[in-house]
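Participant: Can you read through this structure? Questions will come right after.
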Amino acid sequence: MADRHALDISAALTDARTRASLHFEVAALVGVRLIIDDARPLGPIEITYAKARGRALPGQTVGEKRLRISYDGAKAVQTDDTDRSPAYVLPDPNCPLEAAFRAATQAGAAPHARHFAVYSHSVRHQRPMWTVSAAEGAAYHVDADNCALIVR
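Going by the numbering used here, the sequence shown wraps up at 828, each residue one higher than the last.
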């Protein structure tokens, strides 16, 4: 069996989806956040779900109740909270994190530096995207559907 890429978070996404479906009647993915250092996660991977308002269709708004699941190695910690900031239903990313990071590095992000990666709905671009931000301030926006760099 081939080794998994260090940025392959598919197992965490699958586990989070299962936990969220037990927590909310209609669970909706609303975000993923993590720090990447030297092309691998540094610290926890935070995956957030919320209760969908109606059907969980991509781009629809969600309620204020949030379930945050943090994965740090084999340990998962769940917390409930209320967040009044707008959030939107996301599909599972078609572009995996490792491919989004590769797109960012091909566009100029330093591959061995520290970055903050966020999967969220972009209101400006009207689509789900990965944003990979470098410590010096450069941000790379990657379409989460097809891994294309968004440059507008």
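Ideal Cβ placement from N, Cα and C applies to all residues, glycine included.
1) Could you tell me which residues DSSP puts in a beta bridge with Gln-754?
2) Does His-788 come out as helix, strand or coil in the three-state DSSP assignment?
3) Taking its Cβ as the centre, do 16 or more other Cβ atoms sit within 10 Å of Asp-819, making it buried, or is it exposed?
4) Beta strand (DSSP E) containing Asp-819: first to last residue?
5) Bridge partners of Ile-711, per DSSP?
6) Decide if Val-827 is buried, meaning its Cβ has at least 16 other Cβ atoms within 10 Å, or exposed.
7) Can you check whether the CB of Arg-760 is closer than 7 Å to the CB of Glu-740?
8) If you compare alpha carbons, which of Glu-812, Asp-679, Thr-755, Arg-731 is closest to Glu-722?
9) Can you tell me whether DSSP reads Glu-740 as helix, strand or coil?
Facilitator: Let's see:
1) Within the sequence shown, the letter at position 78 stands for residue 754. Gln-754 is bridged to Ile-745.
2) If you number the sequence shown from 1, residue 788 lands on position 112. Here His-788 carries a coil assignment [DSSP, helix/strand/coil].
3) Against the sequence shown, residue 819 aligns to sequence position 143. Its Cβ being crowded by 16 or more others within 10 Å, Asp-819 is buried.
4) Working through the sequence shown from its first residue, we reach residue 819 at position 143. It spans 815-819 - the beta strand (DSSP E) in which Asp-819 sits, taken as one unbroken run.
5) Position 35 of the sequence shown holds residue 711. DSSP output for Ile-711 lists Leu-718, Phe-792 as bridge partner(s).
6) For the purposes of this step, residue 827 is identified with residue 151 of the sequence shown, where counting begins at 1. With fewer than 16 other CB atoms across the displayed protein chains lying within 10 angstroms of its CB, Val-827 is exposed.
7) Along the sequence shown, one-based indexing puts residue 740 at 64. Along the sequence shown, one-based indexing puts residue 760 at 84. In contact: Glu-740 and Arg-760 (Cβ atoms closer than 7 Å).
8) Translated into positions along the sequence shown, residue 722 becomes position 46. Considering only Glu-812, Asp-679, Thr-755, Arg-731, the residue with the shortest C-alpha distance to Glu-722 is Thr-755.
9) Here residue 740 refers to the residue found at position 64 of the sequence shown. Reduced to three states, the DSSP call for Glu-740 is strand.
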